[in-house]
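A.B. asks: Read the sequence shown against our numbering and you will find it ends at 206, with the numbers running on by one and no gaps. Built from N, CA and C at the ideal position, the CB exists for glycine as well.
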Amino acid sequence: MIANEYAKAIFELAQANSEEELVNDNFNLFVKLLNDNPDFLKVLTYPRITLADKKDAIKNTLIDFEPIFIDFLFVLLDNNRMDMIKEIAFEYEQLILADNGAVKVDVYSASLLTKKEILSVEETLKKAIGQKRIIIYNYVDESLIGGIKAVYNGRSLDLSLNNQLSHLKKSI
Numbered sequence: 035m036i037a038n039e040y041a042k043a044i045f046e047l048a049q050a051n052s053e054e055e056l057v058n059d060n061f062n063l064f065v066k067l068l069n070d071n072p073d074f075l076k077v078l079t080y081p082r083i084t085l086a087d088k089k090d091a092i093k094n095t096l097i098d099f100e101p102i103f104i105d106f107l108f109v110l111l112d113n114n115r116m117d118m119i120k121e122i123a124f125e126y127e128q129l130i131l132a133d134n135g136a137v138k139v140d141v142y143s144a145s146l147l148t149k150k151e152i153l154s155v156e157e158t159l160k161k162a163i164g165q166k167r168i169i170i171y172n173y174v175d176e177s178l179i180g181g182i183k184a185v186y187n188g189r190s191l192d193l194s195l196n197n198q199l200s201h202l203k204k205s206i
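#1: The beta strand (DSSP E) spanning residue 154 covers which residue range?
#2: May I ask which residues mark the beginning and end of the alpha helix (DSSP H) holding residue 94?
#3: If residue 184 sits next to residue 137, beta carbons under 8 angstroms apart, how far is it from one beta carbon to the other, in whole angstroms?
#4: To which residues of the same chain is residue 168 closer than 7 angstroms at the C-beta, ignoring the five residues directly before and after it?
#5: Taking its Cβ as the centre, do 16 or more other Cβ atoms sit within 10 Å of residue 200, making it buried, or is it exposed?
#6: List the endpoints of the continuous alpha helix (DSSP H) containing residue 178.
#7: Any contact between the stretch 111-121 and the stretch 36-48? By contact I mean 3 or more CB pairs, one from each, below 8 angstroms.
#8: Using beta-carbon positions only, say whether residue 173 and residue 154 come within less than 9 angstroms of one another.
#9: Just curious, the alpha helix (DSSP H) that residue 59 is in, first and last residue?
Here you go:
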C-alpha cells in the first residue's frame with residue numbers, strides 16, 4: 035500500500051513533466067544496479083551512514099539519471115523507505131501500463147512458448163482478463179506438465195495440466 039502511494043506520487047510528477055518513460059527507465063536501471071550490487075542498497079539503508087553521505091553516493095553514482103528521479107530517491111532516503119524501492123518500481127510500472135491501457139502478464143509454461151503460441155495465449159488471455167492490450171513475459175516452470183499459468187495484477191489464472199488433473203482428481 036505504501037509502495038503504491040510513493041509510485042503514484044512519482045508517476046504524477048513525471049506525468050506533469052512528460053517524463054513517465056524516462057523515470058521508468060531510471061527505475062529499471064536503478065533496480066538492475068541494486069540487483070547487480072546488493073551492497074549499494076545496504077549502504078543506502080545502513081543507519082550509521084549519514085543522510086548526506088547517502089545522498090552523495092546517489093548523486094555520484096547516478097550521474098545521468100533524471101533530476102526528478104534523484105529527488106525522489108532523496109525523499110525515500112529522508113523517510114527511511116529506500117528498502118521499498120523494488121516494490122515502488124513494480125507499482126510504478128503497473129501505473130505506466132495502466133496509463134497505456136495495458137496489463138503485464140507473467141506466463142509460466144513447461145518450456146518457452148513460440149511466437150505463434152504467445153499470440154494464441156495473448157488472444158485467450160485478452161478474453162479471460164477483459165483487457166485489450168496485454169504484455170506477456172514468458173517464464174519456464176518445469177514443474178508444469180503442460181498448459182500455462184498466468185499471473186497479472188496480483189491475480190492468477192491457472193490453465194495448466196497440473197491444475198486440470200487436480201480438479202479431475204477432486205471430482206472423482
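C.D. replies: According to the structure shown:
#1: Counting along the chain, residue 154 falls outside any beta strand (DSSP E), though it belongs to the alpha helix (DSSP H) covering 149-163.
#2: 85-95
#3: Rounded, the Cβ-Cβ distance is 10 angstroms, inconsistent with contact.
#4: 136, 137, 139, 156, 159 and 160
#5: exposed
#6: Premise fails: residue 178 is in no alpha helix (DSSP H) and is neither H nor E.
#7: yes
#8: no
#9: 54-70
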